[in-house]
Each structure stands twice: as C-alpha cells, then as structure tokens.
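Contents: one structure, followed by commentary.
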Amino acid sequence: MAVIDAGEEAQQPSPDVLKKLEIAKEKKDAGDQAFKTGDLKSALRSYHESLLYLKGIDKNALSPIAAATASPIDGTAPQKQKTEADEIMEKIYSNMSACHLKQGNWKRAIETADKALATNEANYKALFRKAKALGETGYFEKAEKILEDLLKKNEADAPAINAELARLRAMDKEREKAHNQKFKGFLNKEKSLAVESDE
Numbered sequence: 001m002a003v004i005d006a007g008e009e010a011q012q013p014s015p016d017v018l019k020k021l022e023i024a025k026e027k028k029d030a031g032d033q034a035f036k037t038g039d040l041k042s043a044l045r046s047y048h049e050s051l052l053y054l055k056g057i058d059k060n061a062l063s064p065i066a067a068a069t070a071s072p073i074d075g076t077a078p079q080k081q082k083t084e085a086d087e088i089m090e091k092i093y094s095n096m097s098a099c100h101l102k103q104g105n106w107k108r109a110i111e112t113a114d115k116a117l118a119t120n121e122a123n124y125k126a127l128f129r130k131a132k133a134l135g136e137t138g139y140f141e142k143a144e145k146i147l148e149d150l151l152k153k154n155e156a157d158a159p160a161i162n163a164e165l166a167r168l169r170a171m172d173k174e175r176e177k178a179h180n181q182k183f184k185g186f187l188n189k190e191k192s193l194a195v196e197s198d199e
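Counting from 1, one number per residue, gives the positions in the sequence shown under UniProt numbering.
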C-alpha cells in the first residue's frame, strides 16, 4: 500500500526520460556481455555510452527507489535517496573498475571504484576492487585496511578477501626485501669507500 500525501501525486517520468533510461540499460547490458566475452574495450565503451544517457536524465523526474528511502534502524543518518538511474550508475562504475583492473589500469580502477562508492559506500565489490588497485600501486597499508574492514562487514566473501590479503602481504614483503637488499648494497659501498680512503 503506497502512502501519498493529500496534495502529492505519484509523478510519472516523461517518455523522453524513460527512453533514455531504457537505452542506458541496453548499453549497460551490452557492456556486461562484452565483459563476459573478455572484450574489455567494447565493455568500457558501452558502459561509457550508458553513463552519457544516465547523466542526461533529469533525476528529479525519477522516483526514489523504495529500499533507499527506508530509515535505518541502527540510528545512523538516513541514506540519500537513490533513483533507478543512480542504482545503474553505481553498477556501471563498479563494472568499469573491474575492466580497468583486468587491463592493469590501476589509477582508473581506483577512480571508478570511488565513483561507485560515492553512490553506495557499502558496495563491497567496489571496495574490493579499490583495495586491489591500491595494493597494485604500492599503497599496501590502505589496501590492507580496506580489506580487513571488508572482511568484518562481508564474511560471505572471506575466502576471496583472505586470498587477496595474503597476496598483498606477499607482494609487500617482496618489495621490502628488494628495498632492504638495495639499501644493504648501498651501505656496503659506503664501507668499502671509507676503508679505501683510510689507506
């Protein structure tokens, strides 16, 4: 049963808005299919085109999604109301992040994950992808913190999260070992130069 204030009627989006939304969904679906076949360039192009349609929609013409309007029970601030377009954009940005990860484009993977998280900070896939990209760019501590927080919030994906944590820690250990080896060589050169100059 829908509750509508006396002076307020449910506003129907215009045919133009509905058409843009439909085209955006089709473009997103095309991107999803391209991703599944491994055609990352086509996937990114389709996702980008979908975003162009979604950004061209007057968000005020769309009604908020019911789940986002519910007030939280735990006393936290109520979430910003999301429209169907916001929901689709969040998924697109998260999927774009996955494409960029597969291409090794870490900076773009972080940027697109952040855009997905701006709409929904509890998007576990986007958080995971951001952490993975941060780790690849050398921000091990930031990545580790995100993954550890994610492990507490999303126990269902614990095996994947733990595997990524182990991989990042091994990478960090290797990086540190290489750094120490380089530093050790530097100190040995200093010692040998000092000994030679004493003679």
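Using N, Cα and C, we set each Cβ at its ideal position, and we do this for glycine too.
Neighbourhood of residue i by C-beta, 6 Å cutoff - its chain only, sequence neighbours within 5 removed
i      : result
Phe35  : Ala43
Lys142 : Leu134
Asn120 : Glu90
Exposed unless 16 or more other CB atoms sit within 10 angstroms - verdict on residue i
i      : result
Thr112 : buried
Ser14  : exposed
Phe183 : exposed
Arg129 : buried
His100 : buried
Lys20  : buried
His179 : exposed
Pro72  : Confidence is the limiting factor: at Pro72 the pLDDT is only 43, short of 50, which leaves the residue's position unreliable, though a coordinate-based value still follows. With fewer than 16 Cβ atoms within 10 Å of its Cβ, Pro72 is classed as exposed.
DSSP state of residue i mapped onto helix, strand, coil
i      : result
Thr119 : helix
Thr37  : helix
Thr137 : coil
Cβ neighbours of residue i in the same chain (closer than 8 Å, five flanking residues each side left out)
i      : result
Thr124 : Here the sequence assigns Tyr to residue 124, which means Thr is not the residue at that position. Excluding positions up to five away in sequence, the list reads Leu150, Lys153, Asn154, Asp157.
Lys102 : Leu40
Gly138 : Arg175
Chain-order list of residues whose beta-carbon lies under 7 Å from that of residue i (same chain, five-residue window excluded)
i     : result
Ile88 : Ala24, Lys25, Lys28, Leu54
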